[in-house]
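Residue numbers (my numbering), protein chains in the order written: chain D, 1 to 336; chain A, 1001 to 1336; chain V, 2001 to 2336.
The next block holds one structure in the form of structure tokens; read it before the comments.
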Amino acid sequence: MKITPEVIASLTGGSIEGNPAVEIKGFAKIEEAKEGEISFIANPKYAHYATTTEASVLLVGDDFEAPANLRATLVRVADPYASLAMLLSALTPKSRKSGIESPSHVDETAEIGEGVYIGAFAYIGRGVKLGRNVQIYPQAYVGDGVEIGDDSIVRPHATIYEGCRIGERCILHSGSVIGADGFGFAPDGDEYKKIPQVGIVVIEDDVEIGANTTVDRATMGETRIGKGTKLDNLIQIAHNVSLGSNNVIAAQTGIAGSTKIGDSNRIGGQVGFAGHIKFGSRCEVGAQSGINKGYRDGSRIIGYPATDIETFARMSVLQRRLPELFKEIDNLKKKQ
Amino acid sequence: MKITPEVIASLTGGSIEGNPAVEIKGFAKIEEAKEGEISFIANPKYAHYATTTEASVLLVGDDFEAPANLRATLVRVADPYASLAMLLSALTPKSRKSGIESPSHVDETAEIGEGVYIGAFAYIGRGVKLGRNVQIYPQAYVGDGVEIGDDSIVRPHATIYEGCRIGERCILHSGSVIGADGFGFAPDGDEYKKIPQVGIVVIEDDVEIGANTTVDRATMGETRIGKGTKLDNLIQIAHNVSLGSNNVIAAQTGIAGSTKIGDSNRIGGQVGFAGHIKFGSRCEVGAQSGINKGYRDGSRIIGYPATDIETFARMSVLQRRLPELFKEIDNLKKKQ
Amino acid sequence: MKITPEVIASLTGGSIEGNPAVEIKGFAKIEEAKEGEISFIANPKYAHYATTTEASVLLVGDDFEAPANLRATLVRVADPYASLAMLLSALTPKSRKSGIESPSHVDETAEIGEGVYIGAFAYIGRGVKLGRNVQIYPQAYVGDGVEIGDDSIVRPHATIYEGCRIGERCILHSGSVIGADGFGFAPDGDEYKKIPQVGIVVIEDDVEIGANTTVDRATMGETRIGKGTKLDNLIQIAHNVSLGSNNVIAAQTGIAGSTKIGDSNRIGGQVGFAGHIKFGSRCEVGAQSGINKGYRDGSRIIGYPATDIETFARMSVLQRRLPELFKEIDNLKKKQ
Chain D
1 MKITPEVIAS
11 LTGGSIEGNP
21 AVEIKGFAKI
31 EEAKEGEISF
41 IANPKYAHYA
51 TTTEASVLLV
61 GDDFEAPANL
71 RATLVRVADP
81 YASLAMLLSA
91 LTPKSRKSGI
101 ESPSHVDETA
111 EIGEGVYIGA
121 FAYIGRGVKL
131 GRNVQIYPQA
141 YVGDGVEIGD
151 DSIVRPHATI
161 YEGCRIGERC
171 ILHSGSVIGA
181 DGFGFAPDGD
191 EYKKIPQVGI
201 VVIEDDVEIG
211 ANTTVDRATM
221 GETRIGKGTK
231 LDNLIQIAHN
241 VSLGSNNVIA
251 AQTGIAGSTK
261 IGDSNRIGGQ
271 VGFAGHIKFG
281 SRCEVGAQSG
291 INKGYRDGSR
301 IIGYPATDIE
311 TFARMSVLQR
321 RLPELFKEID
331 NLKKKQ
Chain A
1001 MKITPEVIAS
1011 LTGGSIEGNP
1021 AVEIKGFAKI
1031 EEAKEGEISF
1041 IANPKYAHYA
1051 TTTEASVLLV
1061 GDDFEAPANL
1071 RATLVRVADP
1081 YASLAMLLSA
1091 LTPKSRKSGI
1101 ESPSHVDETA
1111 EIGEGVYIGA
1121 FAYIGRGVKL
1131 GRNVQIYPQA
1141 YVGDGVEIGD
1151 DSIVRPHATI
1161 YEGCRIGERC
1171 ILHSGSVIGA
1181 DGFGFAPDGD
1191 EYKKIPQVGI
1201 VVIEDDVEIG
1211 ANTTVDRATM
1221 GETRIGKGTK
1231 LDNLIQIAHN
1241 VSLGSNNVIA
1251 AQTGIAGSTK
1261 IGDSNRIGGQ
1271 VGFAGHIKFG
1281 SRCEVGAQSG
1291 INKGYRDGSR
1301 IIGYPATDIE
1311 TFARMSVLQR
1321 RLPELFKEID
1331 NLKKKQ
Chain V
2001 MKITPEVIAS
2011 LTGGSIEGNP
2021 AVEIKGFAKI
2031 EEAKEGEISF
2041 IANPKYAHYA
2051 TTTEASVLLV
2061 GDDFEAPANL
2071 RATLVRVADP
2081 YASLAMLLSA
2091 LTPKSRKSGI
2101 ESPSHVDETA
2111 EIGEGVYIGA
2121 FAYIGRGVKL
2131 GRNVQIYPQA
2141 YVGDGVEIGD
2151 DSIVRPHATI
2161 YEGCRIGERC
2171 ILHSGSVIGA
2181 DGFGFAPDGD
2191 EYKKIPQVGI
2201 VVIEDDVEIG
2211 ANTTVDRATM
2221 GETRIGKGTK
2231 LDNLIQIAHN
2241 VSLGSNNVIA
2251 AQTGIAGSTK
2261 IGDSNRIGGQ
2271 VGFAGHIKFG
2281 SRCEVGAQSG
2291 INKGYRDGSR
2301 IIGYPATDIE
2311 TFARMSVLQR
2321 RLPELFKEID
2331 NLKKKQ
């Protein structure tokens, strides 16, 4: 099939301005696109590239103001970024693997669904259940008793400790570790005694876990990642944490033990949450924040300790004016 | 064996209030426990669950005030959390593996102790020495010349570079990397020349290393983790760091090169220690702190740059009052 | 060959003070060195050890003031740290491995250069190209279509996703993940749709990637790490980031999506860079800084939000004086 603005408009429900027949051979960022490629403008910061890009087709928003000297054909859509996601999914060739490579270790008690891929040197333990079309890449580890739902993907060197449960359509990137022991020790004189961590991790459907992210098993009960939540790389989720659905959390954030977080939060990178707090839904948390107590639904917070975004901005300005403040007080004292 | 309050009281040295014969089938958190389960109250924040929990037995402290309408049998002990640790250890079935799975790579010069487990696709290099009952999980890597003491556990995808030494009863969780090169480069014009890192890592007895934690080898000599120290996930320990005994360090903390830390410190998550500092013993360091100099034994510090906990609390309050301060100065100026 | 001050002086272009014939058997840090070992003084903080060390030879700078009672032979050089690097490289036995261990998985379409090492349980995908003397350690993963230049080293459990390109003389430490999906999702009602990440990662020559560091593939186009850049452990490089040449970045730092960073920057640990910013060259960035906008070449910045190093120092002092400030204002008000 030739991919043209007409095809794209029909896939995205968009409208065409310009040549509807130009053939598209690939996707590219607007500042790098060449002739025959399609690009997009979702962020107004990049709008000025519209006149200089060599892209043949641009996916733009309904309110995009086309410059006079535009060469590219436009496809106007309601949400260019969402349409891009859809197009990339529709037009990128899928590389679904299947079959079982050798040598791999598949315990004889494991139940393996139809269409499953198991790469070389992967390890599938006792009593494991893999749903249909699950892809276990080479060198991944699936511990005893683990269950993985249909269409989930486990990349090389991902590790799932014994007894954990993974939903459908999940992606576990390389180096992620699901179900390592929670960090629990009881003081015993000068030493610490390990608290056996007998709980598990439950990851619901449609969750993506970034590279080298760690989700610890519960002391008792479950550590839970809710449906549709997306975790970036190098994140720490401690034992007995409960994360609701559709949260998006950027890299290197950490959530300490037993904290409960609601749904649909957007959390920046390198944030730290204290343990045992109850945090709302639909909040925005700025990068590098330190969250030491619960916040209500819809809060917009940042800083260390965290405060609302407006106060933080005002405080940041005033802190830079501290030298001036000290000077003014000296002046006032002199005048007395 | 039936597990009853009587068994539990005899194991923990506790005293019983209520039915001594009820049979226990599992452990659970107090807010999730069902009939036939035992739970505990160590943190007063959870005491109010005592009347609503369905748990049949509760492990509580000597000073716990039993509410009037309590259904559960109580077992009173001096330290409920420590008793829980002990009970979980005593009553949870152990899953000690043994034997050598195939294919695995065990160099013919390696010395393998009695009762050792080596999982499939594990790699045991030249001249490795594994003590008795060491468990090397599938896909773990034990480099040339590594020594591991009795009863230590190396989880899947843990990596131990050549020449490092691990003590007895240690646990290395998945994705931990022991002995990668320290970060040392000498400027050479615009470029950097690598300083070969010819030292090793020594991990003493009873140390636990969290998932995806990294401990770099020394430039020369040793990076050392002292007896009984517990490291959470995603921690960075740089080359030539020396950590004393019985330290407890939460996730995502980093310690820069050549810093020496004493014993029995409790260090929060996402803390950073500068390099080449000498830090005391029995300190408490708050989460996200930045430590750029040494502190005396017993310090309680937090913040960036770190300060004592009382000053930090006062400063945090005063910073929020900065807008007010600026207003007051304006008022004072006007009145003159 | 006997290693003596004469050999060392001739290798480093240094000059000898003392016995030129003493035989050297190893390298050590100055506070730990024994007779027959060579050590160095690059940092004046360690100069006082010169009189107490048992080292037989000391590598020191041209301006080092030799104490009266010195036992060690001195070798004076322009830059002791650089000379140390050179000596360690020249005199440390290399452990270059070669050959292909079994079982490993090498796709029949892969092109394998001369002198390559492929360890047991390593996975080499379809169409991979490995240059001369590349060392793929056991259990490493090299995805379909990956290219790796001459003399590069891939340590155990390093993962390179499909299509990424690695230059010559690179080192990828254990647990590093190159080319996992960038963190891109388009909101779709309450849910998020994954944006397929169809770009790659390009790592230029002479780059070192620390243990458990993650470099995400681009949404479209490339994520790029420039020639000679050195990344420490547990660093996050997001999709479409571009890092120039000869940057040195300490552990646990994160760089958010599409940020462009110039050359020869020195960046501390646990720093966070916001996305979509353009950052200069030859800057110094203090540990734990939060960088939310671009900075000019040669900036020296620190803090959260970041500010120049002098302002930060002044602000840190003044913040501690806040209680005093509030008191003075109270006094002023009373006097009116």
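Cβ atoms here follow ideal geometry from the backbone N, Cα and C, with glycine treated the same way.
### Task
Give the single residue among A/T1053, A/N1292, A/R1076 and A/L1070 whose Cα lies nearest to the Cα of A/D1063.
Position 63 of the second sequence, counted from the start, is the residue given in the question as residue 1063 of chain A. The shortest Cα separation from A/D1063 among A/T1053, A/N1292, A/R1076 and A/L1070 belongs to A/R1076.
### Query
On the three-state DSSP scale, how would you describe A/T1214?
As a first step, residue 1214 of chain A is located in the second sequence; it is residue number 214 there, counting from the start. Residue state, collapsed to three classes: strand.
### Message
Just verifying my parser: in three-state terms, what is the DSSP assignment at D/H105?
### Response
Translated into the one-based positions of the first sequence, residue 105 of chain D becomes position 105. DSSP places D/H105 in strand when its eight states are reduced to three.
### alpha helix (DSSP H) runs wholly inside the stretch 47 to 109 of chain D, at least 4 long, in chain order
80 to 91
### Message
According to DSSP, is V/I2329 part of a helix, a strand, or is it coil?
### Response
Numbered from its first residue, the third sequence carries residue 2329 of chain V at position 329. In the structure shown, V/I2329 sits in a helix (DSSP, three-state: H, G or I).
### Message
Does D/P156 pass the burial test, meaning 16 or more other C-beta atoms within 10 Å, or should it be called exposed?
### Response
For the purposes of this step, residue 156 of chain D is taken as residue 156 along the first sequence, with counting starting at 1. Flag for D/P156 reads buried.
### Task
Just tell me which of A/K1025, A/A1050 and A/E1310 has its CA closest to the CA of A/A1072.
Taking the first residue of the second sequence as 1, we reach residue 1072 of chain A at position 72. Residue A/A1050 is the option with its Cα nearest to A/A1072.
### Task
Take D/Y294 and list the residues in its own chain whose beta-carbon comes closer than 6 Å to its own, dropping the five residues that flank it on each side.
By one-based count along the first sequence, residue 294 of chain D stands at place 294. Before going on, a small fix: residue 294 of chain D reads as Gly here, not Tyr. Same-chain partners within the cutoff: I277, K278 and F279.
### Query
Exposed or buried, what is V/D2107 when buried is set at 16 or more other beta-carbons lying within 10 Å of its beta-carbon?
Numbered from 1 along the third sequence, position 107 holds the residue referred to as residue 2107 of chain V. So V/D2107 ends up on the exposed side.
### Query
Hey, would you say V/Q2139 sits closer than 9 Å to V/F2121, going by beta carbons?
Taking the third sequence and counting its residues from 1, the one referred to as residue 2139 of chain V is at position 139. Taking the third sequence and counting its residues from 1, the one referred to as residue 2121 of chain V is at position 121. Result yes, Cβ atoms of V/Q2139 and V/F2121 sit closer than 9 Å.
### Query
Under three-state DSSP, which class holds A/E1324?
Within the second sequence, residue 1324 of chain A is the residue found at index 324, counting from 1. Helix.
### Task
Report yes or no: is there a C-beta of chain V within less than 9 Å of the C-beta of D/L88?
Numbered from 1 along the first sequence, position 88 holds the residue referred to as residue 88 of chain D. Yes, D/L88 lies at the interface with chain V (some Cβ there is under 9 Å from its Cβ).
### Message
As a quick exercise: from D/R266, D/L234 and D/D263, pick the residue whose alpha carbon is nearest that of D/G254.
### Response
Reading the first sequence from its first residue, position 254 is the one you call residue 254 of chain D. The shortest Cα separation from D/G254 among D/R266, D/L234 and D/D263 belongs to D/L234.
### Query
If we ignore side chains and look at the alpha-carbon of each, how far apart do V/N2043 and V/K2230 end up?
For this step, residue 2043 of chain V is matched to residue 43 along the third sequence. For this step, residue 2230 of chain V is matched to residue 230 along the third sequence. Distance between the alpha carbons of V/N2043 and V/K2230: 22 Å.
### Query
By the 10 Å Cβ neighbour count, where 16 or more other Cβ atoms means buried, how is A/R1126 classified, buried or exposed?
By one-based count along the second sequence, residue 1126 of chain A stands at place 126. A/R1126 is exposed by the Cβ-count criterion.
### Query
If you check the beta carbons only, do D/I225 and D/S176 fall under 9 Å apart?
For the purposes of this step, residue 225 of chain D is taken as the residue at position 225 of the first sequence. For the purposes of this step, residue 176 of chain D is taken as the residue at position 176 of the first sequence. No; because the gap between Cβ atoms is not below 9 Å, this pair is not in contact.
### Task
Helix, strand or coil for V/V2198, going by three-state DSSP, please let me know.
For the purposes of this step, residue 2198 of chain V is identified with residue 198 of the third sequence, where counting begins at 1. Reduced to three states, the DSSP call for V/V2198 is coil.
### Supposed contact pair V/S2056 and V/E2037 - C-beta distance, whole angstroms, cut 8 Å
Within the third sequence, numbered from 1, the residue matching residue 2037 of chain V stands at position 37. Within the third sequence, numbered from 1, the residue matching residue 2056 of chain V stands at position 56. Sure, about 6 Å apart at Cβ, within 8 Å.
### Message
Starting from V/A2306, trace the beta strand (DSSP E) in both directions and tell me its first and last residue.
### Response
Taking the third sequence and counting its residues from 1, the one referred to as residue 2306 of chain V is at position 306. Here the beta strand (DSSP E) through V/A2306 covers A2306 to D2308.
### Task
Find out if the Cβ-Cβ distance for the pair D/K227, D/V241 is shorter than 9 Å.
As a working note, residue 227 of chain D is residue 227 in the first sequence. As a working note, residue 241 of chain D is residue 241 in the first sequence. No, the Cβ-Cβ distance between D/K227 and D/V241 is not below 9 Å.
### Query
If you count every other CB in all the chains shown that lies within 10 Å of the CB of A/A1256, and 16 or more means buried, which is it?
Here the question's residue 1256 of chain A lines up with position 256 in the second sequence. It counts as buried.
### Task
Give the interface partners of A/P1044 over in chain V, defined as CB-CB distance under 7 Å, in chain order.
On the second sequence, residue 1044 of chain A is found 44 positions in, with the first residue counted as 1. Within 7 Å Cβ-Cβ: nothing; A/P1044 doesn't reach chain V, min ~32 Å.
### Query
So which residues on chain V does A/A1287 lean against when the C-beta distance must stay under 7 Å?
Against the second sequence, residue 1287 of chain A aligns to sequence position 287. Result: empty, since nearest Cβ-Cβ is about 12 Å, beyond 7 Å.
#### Entry: Cβ-based contacts, 8 Å cut-off: residues of the stretch 2078 to 2102 of chain V near chain A
D2079, Y2081, A2082, L2084, A2085, M2086, L2088, S2089, T2092, S2095 and E2101
### Query
DSSP state of A/R1314, grouped into three classes?
Taking the second sequence and counting its residues from 1, the one referred to as residue 1314 of chain A is at position 314. In this structure, A/R1314 counts as helix in the three-state DSSP scheme.
### Query
Could you give the distance in angstroms between the alpha-carbon of A/I1261 and the alpha-carbon of A/G1182?
Along the second sequence, read from residue 1 onward, the residue named residue 1261 of chain A stands at position 261. Along the second sequence, read from residue 1 onward, the residue named residue 1182 of chain A stands at position 182. If you take the alpha carbons of A/I1261 and A/G1182, they lie about 18 Å apart.
### Message
So if I threshold CB-CB distances at 9 Å, which residues from the stretch 1292 to 1310 of chain A count as touching chain V?
### Response
N1292, Y1304, P1305 and T1307
#### Entry: Residue span of the alpha helix (DSSP H) that contains A/I1225, given as start and end
Sequence index remark: in the second sequence, residue 1225 of chain A carries index 225 (1-based). Here A/I1225 belongs to no alpha helix (DSSP H); instead the beta strand (DSSP E) covers E1222 to I1225.
#### Entry: Per-residue DSSP class, three states only, for A/Q1236
What you label residue 1236 of chain A is simply residue 236 of the second sequence in a count that begins at 1. Residue state, collapsed to three classes: strand.
### Residue-level contact to chain A via CB, V/N2265, 9 Å cutoff
Locating residue 2265 of chain V in the third sequence gives position 265, where the first residue counts as 1. No, because no Cβ of chain A sits closer than 9 Å to the Cβ of V/N2265.
### Query
Going by beta carbon distance, what residues of the same chain come within less than 6 Å of D/D297, once the five residues before and after it are set aside?
Reading the first sequence from its first residue, position 297 is the one you call residue 297 of chain D. Only G280, S281 and R282 meet the Cβ criterion.
### A/T1219 beta carbon less than 9 Å from that of A/G1184
In the second sequence, the residue the question calls residue 1184 of chain A occupies position 184. In the second sequence, the residue the question calls residue 1219 of chain A occupies position 219. Yes, these two residues count as a Cβ contact at 9 Å.
### Task
Going by CA-CA distance only, name the one from V/E2111, V/K2097, V/I2112 and V/V2128 that's closest to V/G2119.
Position 119 of the third sequence, counted from the start, is the residue given in the question as residue 2119 of chain V. If we check each option's Cα against that of V/G2119, V/K2097 comes out closest.
### Query
Between V/A2180 and chain A, is there a C-beta pair that is closer than 9 Å?
Here residue 2180 of chain V corresponds to residue number 180 of the third sequence, with the count starting at 1. Not an interface residue.
### Assigned exposure category for A/S1245 - 16 Cβ within 10 Å defines buried
For the purposes of this step, residue 1245 of chain A is taken as residue 245 along the second sequence, with counting starting at 1. A/S1245 comes out buried.
### Task
Measure the C-alpha to C-alpha separation of D/F273 and A/A1066 and round it to an integer number of angstroms.
Position 273 of the first sequence, counted from the first residue, corresponds to residue 273 of chain D. Position 66 of the second sequence, counted from the first residue, corresponds to residue 1066 of chain A. Approximately 33 Å, taken between the alpha carbons.
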